[in-house]
Amino acid sequence: MGDMNKFPSVFESIDDLTLEQIRSLLTVSAQNKIRFQDRQFAPYESYRKYVVATSFLEHSTRTKHSFGLAIQKLGCMYVDFNAEKSSLQKGESIEETLLTLWYQGVDICVLRTSVSNQLSEFKNNPPIKLINGGDGINEHPTQALLDLFTLIDQGLELDGKTVTIVGDSKHSRVTHSLVRLLPQFGAKVILCGPKEYLYEDKNVQLMTNLDEALAQSDILYMLRIQKERHNSPEYTKIYESYNQNFGIDLAKLKKHNKAIPVLHPGPANIGVEIASDVLKSELFLGYQQVVNSVYTRMAILMAMLENGDKTIGHKPVRL
Ligand code: NCD
């Protein structure tokens with residue numbers, strides 16, 4: 028397993044992982060998919076001793092529940108930490124809250140927060156092992172990994188292929204993880220959307236015309252407009268013309284005479300960025316992403332539970 032024993036205790040960004048660690052996560056995801064396929068429940072005996080918590084300080088359907096299922100299918104005990112009913116509301120800091128979970132016996136906390144880079148402050152002295160379940164507009168690394176696993180699992184090799192991410196890439200934490208991940212597997216990444224929504228990065232090409240981008244694309248990744256992060260007319264003025272210019276339907280795809288697989292991390296706004304005829308077509312891999320999310324998140328939990336720093340928790344200052 029090579030450098031798996033150096034798996035980070037705080038997994039915040041795709042950049043925290045080596046290529047070897049990423050490859051290993053893909054291999055274990057595939058093994059999990061075989062073991063747990065067809066709704067099988069075959070927990071690993073060796074994981075019964077572990078406790079994993081989720082703490083979602085922002086809304087979620089897919090990420091939180093796939094972690095909850097991954098935790099329980101592995102055989103670990105699952106604690107859903109209800110932040111709204113916790114002492115966070117009494118002004119307790121996140122660090123003290125996480126330390127409390129650690130001392131109560133929780134091994135890992137999966138954290139979703141609206142604060143970008145919030146996990147960085149815990150990297151030097153982690154109060155508990157942490158997985159980033161999405162932090163503000165920064166990153167969503169477990170989503171990017173399960174997306175990559177889905178592509179490979181579908182037999183779609185990325186080397187030399189062009190993946191076009193369409194939409195509000197500037198405010199999309201999923202995109203910010205994908206642009207760090209996909210080029211490591213030989214993919215070229217195009218970001219397409221209204222210029223106000225485009226994220227600038229050395230690893231990507233920017234395009235503002237969907238049809239021209241489609242002509243160059245092998246794989247399409249659609250994004251929801253991140254309205255909750257829009258605080259200026261510069262971003263909101265685009266809503267009205269968005270579907271016409273950047274929404275996809277089967278007719279727009281068929282024009283290009285090639286079968287372009289379409290991914291979406293969900294939640295999708297049907298009729299805005301994607302039409303229901305695409306969701307119902309064989310080109311759409313969104314439900315496969317959901318299926319695979321459990322297997323890849325299991326692989327990440329396994330890597331983190333088995334490896335890494337054993338000296339978590341506060342190190343008291345000597346008096
Ligand atoms: C994404 C998120 O929350 O960042 N969803 C997800 O985790 N599957 C994308 C989004 O909200 O648009």
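Just so we're aligned: the sequence shown equals residues 28 to 346 in this note's numbering. Each residue gets a CB set at the ideal place from its N, CA and C atoms; glycine is no exception.
In chain order, what residues of the same chain lie with their CB nearer than 8 Å to the CB of residue i, ignoring the 5 residues before and after it?
i	result
residue 133	78, 79, 80, 106, 155
residue 244	189, 190, 191, 217, 287
residue 62	69
Let me know if residue i comes out buried or exposed under the rule of 16 or more other beta-carbons within 10 Å of its beta-carbon.
i	result
residue 47	exposed
residue 369	An answer regarding residue 369 cannot be provided, because it is not within the stretch 28 to 346 covered by the chain.
residue 142	exposed
residue 262	buried
residue 330	buried
residue 186	exposed
residue 123	exposed
residue 324	buried
residue 322	buried
residue 86	exposed
residue 68	exposed
residue 265	buried
residue 278	exposed
residue 339	buried
residue 297	exposed
residue 49	buried
residue 98	buried
residue 159	buried
residue 91	buried
Smallest Cα separation from residue i: which of the options?
i	options	result
residue 100	320, 299, 339, 196	320
residue 178	200, 330, 291	291
residue 175	306, 158, 206, 334	206
residue 283	241, 237, 271	241
residue 214	227, 183, 234	183
residue 281	308, 272, 267	308
residue 289	278, 305, 131, 297	305
residue 210	126, 269, 42, 114	42
residue 55	272, 208, 229, 172	172
residue 93	334, 333, 326	326
residue 269	222, 63, 126	222
residue 64	159, 238, 315	315
residue 96	66, 113, 226, 32	66
Since residue i and residue j are thought to touch, with beta carbons under 8 Å apart, how far apart are those beta carbons, to the nearest angstrom?
i	j	result
residue 146	residue 82	Not a contact, Cβ separation roughly 12 Å.
residue 300	residue 250	7 Å
residue 276	residue 302	4 Å
residue 317	residue 89	6 Å
residue 120	residue 166	About 22 Å; that fails the 8 Å criterion.
residue 334	residue 34	4 Å
residue 51	residue 168	Actually they are not in contact, since the Cβ atoms of residue 51 and residue 168 sit about 15 Å apart, beyond 8 Å.
residue 193	residue 273	6 Å
residue 180	residue 57	7 Å
Leaving aside the five residues before and after residue i along the sequence, list all residues of the same chain whose C-beta is less than 6 Å from its C-beta, in chain order.
i	result
residue 37	146, 149, 150, 153, 157
residue 170	201, 292
residue 195	224, 250, 252, 253
residue 346	none
residue 26	Residue 26 falls outside the range modelled here, since the chain spans only 28 to 346, and no answer is possible.
residue 140	84, 162
residue 104	78
residue 60	322
residue 110	82, 84
residue 234	217, 219, 240
residue 45	30
residue 144	165
Comparing the C-beta of residue i with each C-beta of chain C, is any distance below 9 Å?
i	result
residue 162	The question asks about chain C, but that chain is absent: this structure has only one protein chain.
Once the 5 residues before and after residue i are set aside, which same chain residues still bring their CB inside 7 Å of it?
i	result
residue 256	164, 198
residue 128	80, 108, 136, 155
residue 125	136, 154, 155
What do you reckon, is the C-beta of residue i under 8 Å from a heavy atom of ligand 2?
i	result
residue 199	Absent from the structure shown: ligand 2. Ligands present: ligand 1.
To test your reading of the DSSP string, which unbroken alpha helix (DSSP H) runs of 4 or more residues are found completely within the region 298-329? 303-306
Could you tell me which whole alpha helix (DSSP H) segments of length 4 or greater appear in the region 44-95? 46-62
What are the start and end residues of each continuous beta strand (DSSP E) run of 3 or more residues lying completely inside the region 218-278, in chain order? The qualifying runs are 231-234, 246-249.
In chain order, what are the residue ranges of uninterrupted alpha helix (DSSP H) at least 4 long that sit wholly in the region 155-209? If we require 4 residues or more, the alpha helix (DSSP H) runs fully inside the region 155-209 come out as 168-180, 200-208.
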